Structures are given as structure tokens and as C-alpha cells.
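Working notes, beginning with the structure itself.
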Amino acid sequence: MDAGRTPLRTTDSPLEANRTWWTNHAGEYLAQHGPTLGDSDFIWGPEGLREAEIELIAPPQELPDHHILEVGAGAAQCSRYLASLGADVVATDLAPGMVTAARELNSRTGVEFPVIEADALTLPFPDGEFDTVFTSFGVIPFVPDLSELHREIARVLSDGGRWIYSALHPARWMFPDDPTAAGMTVRNSYFDATPYQERDGGRLAYVEFHHTFSAHINALTDAGFIVDEVIEPTWPAGRDVVWGGWGPERSPYIPGTLIIASHLPDVVARG
Ligand SMILES: C[S@@+](CC[C@H](N)C(=O)[O-])C[C@H]1O[C@@H](n2cnc3c(N)ncnc32)[C@H](O)[C@@H]1O
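This is the structure:
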């Protein structure tokens, strides 16, 4: 497997690569990170910031009034938390392996809601279907063009609807994926958006795209969203979780997660 940052080839399909990668790695990923995620818990990132603490989606007593879509849900732990509190929620993911894992967890926990295989860029829902769409670390790093994603999210949202997501903090692009002090030296330019990719015998096997902070904000406003809040969670003292590039040695110094909450105007001019 070759890994590095090089331009994509014209024959590459990021969608197919990520669909296959997340299906083939679903079991390994969930064995490793499932205990941190919890079967029916909702954390916004490896810092462990809980939806129960910040109520970005809604206070628990208001959840039953909401029709919510999760994109890039993985095993849908976040949707399961919301459904267990009475929200009307639909979870979606690109990878069949993740969809299967999510349905199995629904059966095991007894918390049932629809889990649908879907690319967040072409969602199988009518216009204006949901009042809230969210993802915790799904989709965003895997799509080259955030404007295209945000336009599709805007399409399935009702007027005034909210789009809330967490993703890798753009500052992390400069550093190696190493949670120790050795990972605290800048290795890559913040401004170089050449994607990170892994190739297997020449075939694109995995790809992640860099979105600078301005790219996040400008793509949201281009798609008609109004930004309400930007959150950069700090690493809690004493948290000893190690997750990829996150860990107690480096994460108190380098931001790992970016959360953006946004909404559409009350009346949206739709083309
Ligand atoms: C890191 S997981 C995040 C899910 C979950 N919240 C978690 O923390 O485990 C990323 C997920 O995004 C999904 N994904 C990647 N590209 C996608 C796309 N275009 N549409 C929908 N899901 C996508 C992957 O299949 C994967 O399950």
C-alpha cells in the first residue's frame, strides 16, 4: 500500500474508494473505536464533547419535535442516542459495511430507526424533508467540493433548517498523524490542498481532502447557510484516550476537531 499526498488521477473515483474502504474496515474501526463512541452515545469528536452537554441539535425534551437526518453515520451511534430520546431520525452512510453494522447495533440495543445506504452528495429524499441534518466526523473529509455537499444538504432541509457538523480541524493538516510530542512539528503546508491518499497496486484505496477554515465558511455561505457557532473543543485534563492523531500528549496543544453549526434563512429562495 502506497500512502502520501499526490494529485488524483483522472480515472480515480474517491466515492468508490471510500465506499470500499469503509466497508472493508468497518469491523476493525468499530472494534477499535466502538468502546469510545458507545453504542447509543453522541460525541462530537475524540475530545469526548457530548451532545448531552452542549445540546447543539436540541435540548433532550425538544428532540421528539425534530425530524433529523444523519449523513456519514457510520454505525449510527449518534442517531441511536437521539432516537432513544424520542427524535424522529434517519441515519445514512455511503458504505454498505457501515449500514450493516448500524442495523446490527439497532437490533442489539433495541433502538430502532431507519438506516439507509446513501451518498451524502445525492440523498434519496425529497426537498425540504428534514429540519436538522448533522454529521459527527462523517462525509466532510471525503468530499473534494464542500459547496456541492452543502447544496445537497440545503436541498433536503426545510426553510430555517439547521446543518451541524464536526470534522477534522484544518490545522491538523500541517502535522503528521502522530499523537505524541514527535507529531508537533509542522510537516505540510496548511495551504497545500493536495489530497492524502492510499493506493493499492495503483488503485485508489482511500482518500481524504483538506478544507481550510475559509473553505469551510465560504462553502457554507455559498450554499445559503448562516453560520451560528464555531466550536474548537479542548482536550479535557485527564482524558487518556488515544485515537489516531489525538491523545493526551499532543491534543492539549493542537486542535483536532472543528464543529460548525449553521442554518438556512426562514424563507429560502429555491432555484
Ligand atoms: C469516521 S466515520 C464517522 C461516523 C461516526 N460518526 C463515527 O464517529 O464513527 C466516517 C463515515 O463517513 C462515511 N462517508 C464517507 N464518504 C461519504 C459520503 N460521500 N456519503 C455518506 N457517507 C460517507 C464513511 O462510510 C464512514 O462510515
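Sequential numbering from 1 applies to the sequence shown in UniProt numbering.
In this text, a Cβ means the ideal position worked out from N, Cα and C, and glycines have one as well.
None of the values given here were measured: they were computed from a predicted structure.
Review point. Per DSSP, TYR206 forms a beta bridge with which residues?
Key: Bridge partners of TYR206: GLU198.
Point to revise | Boundaries of the alpha helix (DSSP H) in which LEU37 is found, first to last residue | key: For LEU37, the enclosing alpha helix (DSSP H) starts and ends at 26–37.
Review point. If you count every other CB in all the chains shown that lies within 10 Å of the CB of GLY74, and 16 or more means buried, which is it?
Key: By the C-beta density criterion, GLY74 is buried, having at least 16 other C-beta atoms within 10 angstroms.
Review point. Where does HIS150 sit, in a helix, a strand or coil, going by DSSP?
Key: The answer is helix: DSSP assigns HIS150 an H, G or I state.
Review point. Comparing the CB of THR18 with every heavy atom of ligand 1, is any distance shorter than 7 Å?
Key: Before going on, a small fix: residue 18 reads as Asn here, not Thr. Within the cutoff, so yes.
Point to revise | Cβ pair count under 8 Å reaching 3, the region 76–89 against the region 101–118 | key: Yes, the region 76–89 is in contact with the region 101–118.
Point to revise | Span separating the alpha-carbon of GLU62 from that of GLY202 | key: When rounded, the distance between both Cα atoms is 50 Å.
Review point. To the nearest whole angstrom, what separates the beta carbons of ALA91 and GLU117, a pair I think is in contact under 8 Å?
Key: Actually they do not touch by this definition, with Cβ atoms about 10 Å apart.
**Study point:** Continuous beta strand (DSSP E) assignments of at least 3 residues falling wholly in the region 141–186
**Key:** Runs of the beta strand (DSSP E) inside the region 141–186: 157–168.
Point to revise | Buried or exposed (CB count within 10 angstroms, at least 16 for buried), ALA119 | key: Reading off the sequence, residue 119 comes out as Asp, not Ala. The residue in question, ASP119, is buried, as its Cβ has 16 or more Cβ neighbours within 10 Å.
Point to revise | Cβ separation of ILE260 and HIS216, assumed to be a contact under 8 Å, to the nearest whole Å | key: Cβ atoms of ILE260 and HIS216 come within 8 Å of each other, at about 6 Å.
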